[in-house]
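Numbering (the numbering used here), first residue to last: 218 to 349.
C-beta atoms are modelled at their ideal positions from N, C-alpha and C, and glycine is treated no differently.
As the structure is a prediction and not an experimental result, all values here were calculated from the model.
First up is the structure itself, then whatever we jot down about it.
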Amino acid sequence: MKKSYKGYIVWMILFCVGMELMMIVGLKNLKLFSLILGNYTLMMITLLTGMIYKNECIYWYSQMSYQEAIEATSMSRKKYAYKHFIRFFITCLLYLFYSIIAYFLSFSFGMNMTICCLLIMVCALSTTSIKL
218 MKKSYKGYIV
228 WMILFCVGME
238 LMMIVGLKNL
248 KLFSLILGNY
258 TLMMITLLTG
268 MIYKNECIYW
278 YSQMSYQEAI
288 EATSMSRKKY
298 AYKHFIRFFI
308 TCLLYLFYSI
318 IAYFLSFSFG
328 MNMTICCLLI
338 MVCALSTTSI
348 KL
């Protein structure tokens, strides 16, 4: 496995471009904007964890060094990355489900962003217990 951050850099550029496009479009409905922003963010994080799983680039995670990653077997790298991916995928689906309800019940911008940030934080913290 060759150490490379090209995929991560491409993901980061796409993430930033998507965020900028949302700003350029300038939705007037802040509640809808917050739901789109939250869903985009979670989908992009899920995409990143999926890329890490597919390419076995577990050293992209801050708690994993390249040396540790290279010493692990391909199967253990995949298993480690899959555990991260599935948690963020489920979180993404939960927020998507929440978004549908929030849209029809007109939840506030602040509430939508708070729920999104809390879900991301809880999910990210839950991954700290995952061991290689």
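Runs of the alpha helix (DSSP H) lying entirely within the segment 268-335, each at least 4 residues long, are 283-288, 291-322 in chain order. Taking a 10 Å sphere around the C-beta of Thr308, we find 16 or more other C-beta atoms and assign the residue as buried. In the three-state reduction of the DSSP assignment, Tyr222 falls in the coil class, being assigned neither a helical nor a strand state.
Pairwise C-beta distances place the segment 281-298 out of contact with the segment 237-253, as fewer than three of them are shorter than 8 Å.
The Cβ atoms of Tyr312 and Leu336 lie closer than 8 Å to each other. In the displayed model, Leu244 falls within coil according to three-state DSSP, outside both helix and strand. Ile347 sits in coil when the DSSP states are folded into three classes, being neither helix nor strand. At the C-beta level, Glu273 and Met218 come within 8 Å of one another. Contact check between the segment 323-339 and the segment 248-268: three or more CB pairs, one atom from each, fall below 8 Å, which counts as touching.
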